[in-house]
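Per full-length UniProt numbering, the very first residue in the sequence shown carries number 1; after that it's consecutive.
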Amino acid sequence: MNQRIKLRLGDLLVQNALISDEQLQQALAEQRQSGRKLGATLIAMKLVTEPQLLGLLSQHLKVPLIDLDNHHVNPNAVRLLPEIQARRYRALVIEDKGDKLLVGMSDPADINALDELSAKLAKPIDVAVVSETQLFSAYENFYRKTEEIASFAQELADEYEDDVEFQLDTGVADEQENVVAKLLQSIFEDAVLAKASDIHIEPDEKQLRIRQRVDGVLQENIIPEGNIAAALVLRLKLMSGMDISEKRLPQDGRTRITVKNHPIDVRVSTMPVHGGESVVMRLLDQSQGILSLEQTGMPADMIKRFRALLHRPHGMILVTGPTGSGKTTTLYGSLNELNKPENKIITVEDPIEYRLPRVNQVQVNHKIDLTFANVLRTTLRQDPDILMVGEMRDKETVQIGLRGALTGHLVLSTLHTNDAVSSAIRLIDMGAPSYLVASSLKGVVAQRLVRKVCDSCISDVQPTDEHKIWLAHIEPELSNYSFKQGKGCQRCNFTGYRGRIGVFELLEFTEPLMNALKSNDTSDFNIAAQHSPNYKPLSHAALDYAKAGLTSLDEVLKLVEMVSDGKDELDADSTDKIDEKDTGSQQELESRAGLPTDQAVKPKSPPSKPTGGLSLEDID
């Protein structure tokens, strides 16, 4: 191997006319200041591209160039080299061939690194060139804390007999307590590496389930040592300020941890279940700050209309959707825009998720009767300009909020409804007078989150039969359109998706909508809503994302089913539009596609009666 390397990287680039001598000297000077490797410096200075550099190394050293995103990497082989050494030498063990190891390196010309790797690994190595960007991504994917968690769990389980339920008290030995702390820290670190939003710790008779919600989908890790659950729960209760002696009632708490120098706020909820206590933790990365409206994914034209609503002097604006749809993110982004010295802002929340400077934030506490309604009455006497109510939960809160909006305040809040159209009717169902809703409500944003197609393994795909039936009712010309879908790769954990994006619909309350509400005519209200200027249903907005290649048709249909769930069937006029000849498998496919109940499919044929509220399936 060493005999093949006769030129330094810089000389090799100059010899192949990729850079000049002068550019090489500039890069070497920059390298001395930054301390980075020459290749990374050249790429940062945009003198060469990463593909050019990798291709040249592969050709000159006569070693293969491997695309880590689309190459199968053996996780067991990866762990033959500890993470700290892998990062130091910019290397990754890709495959164990029995008598040899295949090792990917971002700079195979680094002879010192090669010598060190040969000494560290027990077998001879074959080298391949890999992208440094992909290498760092692979470190995050493969050097997770799964094995570390299992090791700490086993160590903790060995401290006591398997047939005795573990009861950890405040007098636990320091060594044992330290193992529990390390186990929890590993669980948190693994969740942050996976970009999880929630951690679920669920005890069972023989095992412990630790599940992480990544991009809205739960991923499971099972620990055989089920009898360590009590130790974890007790430690979490102590961290979160809960009553450690109370195991029969649910409790809520909060704590803060630090993972890789990132402060993470953790909302902790416990609930007694068969076999112990279940714990769910919501992770809030405070270092990321509050997202702007542009960062939420809201389209630019909608942001302009929404901002116009936000800068009205009074009125109510609602953000609706099920749990986990990003409502809080949108609300905080709105408050961030309105947070000016001239505005007095008061929020009533349960719980307070993000701290905002200059904003008076009140935490609801039902134990002392500090409810939304009671706090809201007081806030109106605090001379606010803007009020944010965490949720419209009951009749009293709704009426106080609406009257506050009518008497010169801007009121922002959330509501659990399927779409924007049904929100006004939901307020009336909760006991608010229709004239008050019509006069106070200025706009409603409904939103969902859909998974984004992984950009590393994105590929073209044709619509399935189920997709074509739904598309035939929306945009028939798309039946032969080429959409995008992820094939599954290392970077997306072979799911085909990485990250999520918000899907929004905005309903602005115009005079026809207000008149329909005042007259209690829900049918006219639905018709007026569907024909409102600039109104686009959630399903159409999601389809736009699919056409742009941001998400898949499967995600669009999943959203359609969520929006249509719990709604009444289409009225007779809409039903007549469905071909009566469609029977058998055709009807089954239409049902699976959500067509019989999707109002957004036929906006000109609204349901005769609006929905109210969420069904159980809407809750994460």
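Each residue gets a CB set at the ideal place from its N, CA and C atoms; glycine is no exception.
Computed from a predicted model, the values in this text were never measured in an experiment.
Item to check | Bridge-paired residues (DSSP) for Phe483 | outcome: As a first step, residue 483 is located in the sequence shown; it is residue number 483 there, counting from the start. Phe483 is bridged to Val461.
Next on the checklist: Measuring only the C-alpha atoms, how far is Asp544 from Val450?
Outcome noted: Walking along the sequence shown from the start, residue 544 turns up at place 544. Walking along the sequence shown from the start, residue 450 turns up at place 450. C-alpha separation (whole angstroms): 12 Å.
Checklist entry - Between residue 626 and Val103, what straight-line distance do the alpha-carbon atoms span, to the nearest angstrom? => result What is shown of the chain runs 1 to 620, which leaves residue 626 out entirely.
Item to check | Beta-carbon gap between Ala196 and Gln212 smaller than 8 Å | outcome: Your numbering for residue 196 matches position 196 in the sequence shown. Your numbering for residue 212 matches position 212 in the sequence shown. Contact annotation: Ala196 and Gln212 have beta-carbon atoms nearer than 8 Å.
Item to check | CA nearest to the CA of Leu68, picked from Thr133, Asp110, Ile84, Leu28 | outcome: Locating residue 68 in the sequence shown gives position 68, where the first residue counts as 1. It is Thr133 whose Cα lies nearest to the Cα of Leu68.
Item to check | Segment limits, beta strand (DSSP E) that includes Phe504 | outcome: Position 504 of the sequence shown, counted from the start, is the residue given in the question as residue 504. For Phe504, the uninterrupted beta strand (DSSP E) run begins and ends at 497 to 508, by DSSP.
Item to check | Whole-Å CB distance - Ala373 paired with Thr407, under 8 Å assumed | outcome: Here the question's residue 373 lines up with position 373 in the sequence shown. Here the question's residue 407 lines up with position 407 in the sequence shown. That belief does not hold up - the Cβ atoms of Ala373 and Thr407 are roughly 16 Å apart, past 8 Å.
Item to check | Test item: CB-CB of Leu506 and Val560 under 8 Å | outcome: Taking the first residue of the sequence shown as position 1, residue 506 is located at position 506. Taking the first residue of the sequence shown as position 1, residue 560 is located at position 560. In this structure, Val560 does not lie closer than 8 Å to Leu506 by Cβ.
Checklist entry - Since Asn221 is in the beta strand (DSSP E), which residue starts that stretch and which ends it? => result Counting from 1 along the sequence shown, the entry for residue 221 is found at position 221. Here the beta strand (DSSP E) through Asn221 covers 217 to 223.
Item to check | Which of helix, strand or coil DSSP assigns to Met392 | outcome: What you label residue 392 is simply residue 392 of the sequence shown in a count that begins at 1. When DSSP states are grouped into helix, strand and coil, Met392 belongs to the coil group.
Item to check | Top-ranked residue by Cα proximity to Leu57, from Pro108, Arg87, Asn70 | outcome: Locating residue 57 in the sequence shown gives position 57, counting from the first residue. If we check each option's Cα against that of Leu57, Pro108 comes out closest.
Item to check | Per-residue DSSP class, three states only, for Asp67 | outcome: Translated into positions along the sequence shown, residue 67 becomes position 67. In the displayed model, Asp67 falls within coil according to three-state DSSP, outside both helix and strand.
Checklist entry - Taking three-plus beta-carbon pairs below 8 Å as touching, is the region 307 to 315 in contact with the region 278 to 288? => result Judged by Cβ distances under 8 Å, the region 307 to 315 makes no contact with the region 278 to 288, as fewer than three pairs qualify.
Checklist entry - What residues in its chain sit with their C-beta under 6 Å from that of Gln399, if we drop five residues either side in the sequence? => result Residue 399 sits at position 399 when you count from the first residue of the sequence shown. Non-local C-beta neighbours of Gln399 in its own chain, meaning closer than 6 Å and more than five positions away in sequence, comprise Ala432, ordered along the chain.
Checklist entry - Ile271: buried (16+ other C-beta within 10 angstroms of its C-beta) or exposed? => result As a working mapping, residue 271 is identified with position 271 in the sequence shown. According to the sequence provided, residue 271 is Met. The question's Ile does not apply to it. It is exposed - the Cβ of Met271 has fewer than 16 other Cβ atoms within 10 Å.
Checklist entry - What did DSSP end up calling Lys518 once you bin it into helix, strand or coil? => result Position 518 of the sequence shown, counted from the first residue, corresponds to residue 518. Residue state, collapsed to three classes: helix.
Checklist entry - Is Asn526 helix, strand or coil by DSSP? => result Counting from one through the sequence shown, the residue named residue 526 turns up at place 526. Per DSSP, reduced to three states, the secondary structure at Asn526 is helical.
Checklist entry - What's the call for His60, buried or exposed, on a 16-neighbour Cβ count within 10 Å? => result On the sequence shown, residue 60 is found 60 positions in, with the first residue counted as 1. Classification for His60: buried.
Next on the checklist: Determine whether the beta carbon atoms of Ser434 and Asn526 lie at a separation below 8 Å.
Outcome noted: Indexing the sequence shown from 1 puts residue 434 at position 434. Indexing the sequence shown from 1 puts residue 526 at position 526. For Ser434 and Asn526, no; Cβs fall outside 8 Å.
Checklist entry - Under three-state DSSP, which class holds residue 625? => result The structure shown has nothing for residue 625, since the chain only spans 1 to 620.
Checklist entry - Do Asp318 and Thr414 have their CB atoms nearer than 8 Å? => result Looking up residue 318 in the sequence shown gives position 318. Looking up residue 414 in the sequence shown gives position 414. The amino acid at residue 318 is misidentified as Asp; the sequence shows Leu. For Leu318 and Thr414, yes; Cβs fall inside 8 Å.
Item to check | Nearest neighbour of Val180, chosen from Gly321, Ala157, Ser137 [CA to CA] | outcome: Indexing the sequence shown from 1 puts residue 180 at position 180. Minimum Cα distance to Val180 is reached at Ala157.
Checklist entry - Going straight from the alpha carbon of Asp301 to that of Tyr535, what length do you get? => result Here residue 301 corresponds to residue number 301 of the sequence shown, with the count starting at 1. Here residue 535 corresponds to residue number 535 of the sequence shown, with the count starting at 1. Approximately 11 Å, taken between the alpha carbons.
Checklist entry - Would the beta-carbon of residue 649 fall within 8 Å of that of Met45? => result The structure shown does not extend to residue 649, since the chain is modelled only from 1 through 620, so no value can be given for it.
Checklist entry - Are the CB atoms of Thr320 and Ala191 nearer to each other than 8 Å? => result For the purposes of this step, residue 320 is taken as the residue at position 320 of the sequence shown. For the purposes of this step, residue 191 is taken as the residue at position 191 of the sequence shown. The beta carbons of Thr320 and Ala191 sit no closer together than 8 Å.
Item to check | Inter-residue Cα distance where the pair is Lys518 and Val503 | outcome: Position 518 of the sequence shown holds residue 518. Position 503 of the sequence shown holds residue 503. Between Lys518 and Val503, the C-alpha separation is close to 30 Å.
Next on the checklist: Please tell me whether Leu427 and Gly404 are closer than 8 Å, where the distance is taken between their beta carbons.
Outcome noted: Residue numbering aside, residue 427 sits at position 427 when the sequence shown is read from its first letter. Residue numbering aside, residue 404 sits at position 404 when the sequence shown is read from its first letter. No, the Cβ-Cβ distance between Leu427 and Gly404 is not below 8 Å.
Checklist entry - Should Asn480 go down as buried or exposed, given a rule of 16 or more other Cβ atoms within 10 Å for buried? => result Along the sequence shown, read from residue 1 onward, the residue named residue 480 stands at position 480. Around the beta-carbon of Asn480, fewer than 16 other beta-carbon atoms lie within 10 Å, marking it exposed.
Checklist entry - Which residue or residues does DSSP assign as beta-bridge partners of Ser278? => result On the sequence shown, position 278 is the one that residue 278 refers to. DSSP, once it has assigned bridges, lists Met271 as partnering Ser278.
Item to check | Nearest-angstrom Cβ-Cβ length linking Leu513 and Ser532, presumed shorter than 8 Å | outcome: Locating residue 513 in the sequence shown gives position 513, counting from the first residue. Locating residue 532 in the sequence shown gives position 532, counting from the first residue. Contact annotation, Leu513 with Ser532: C-beta distance approximately 7 Å; criterion of less than 8 Å satisfied.
Item to check | Euclidean distance between Cα positions of Lys304 and Ser292 | outcome: The residue you call residue 304 lines up with position 304 of the sequence shown. The residue you call residue 292 lines up with position 292 of the sequence shown. One C-alpha to the other measures close to 13 Å.
Checklist entry - Which word fits Asp110, buried or exposed, when buried means at least 16 other C-beta atoms lie within 10 angstroms of its C-beta? => result By one-based count along the sequence shown, residue 110 stands at place 110. A residue is called buried when at least 16 other Cβ atoms come within 10 angstroms of its Cβ; Asp110 meets this threshold and is buried.
Item to check | In DSSP terms, what Thr258 is bridged to | outcome: Locating residue 258 in the sequence shown gives position 258, counting from the first residue. BP columns for Thr258 point to Pro263.
Checklist entry - Is Arg248 buried or exposed, if buried means 16 or more other CB atoms sit within 10 Å of its CB? => result As a first step, residue 248 is located in the sequence shown; it is residue number 248 there, counting from the start. Around the Cβ of Arg248, a 10 Å sphere holds fewer than 16 other Cβ atoms; the residue is exposed.
Checklist entry - Ser240 and Thr255: beta carbons closer than 8 Å? => result Within the sequence shown, the letter at position 240 stands for residue 240. Within the sequence shown, the letter at position 255 stands for residue 255. Judged by their CB atoms, Ser240 and Thr255 are nearer to each other than the 8 Å cut-off.
Checklist entry - In chain order, what residues of the same chain lie with their CB nearer than 8 Å to the CB of Thr510, ignoring the 5 residues before and after it? => result For this step, residue 510 is matched to residue 510 along the sequence shown. Scanning its chain for C-beta atoms nearer than 8 Å, with the 5 sequence neighbours on each side dropped, one finds around Thr510 the residues Ala528, Ser532, Pro533, in chain order.
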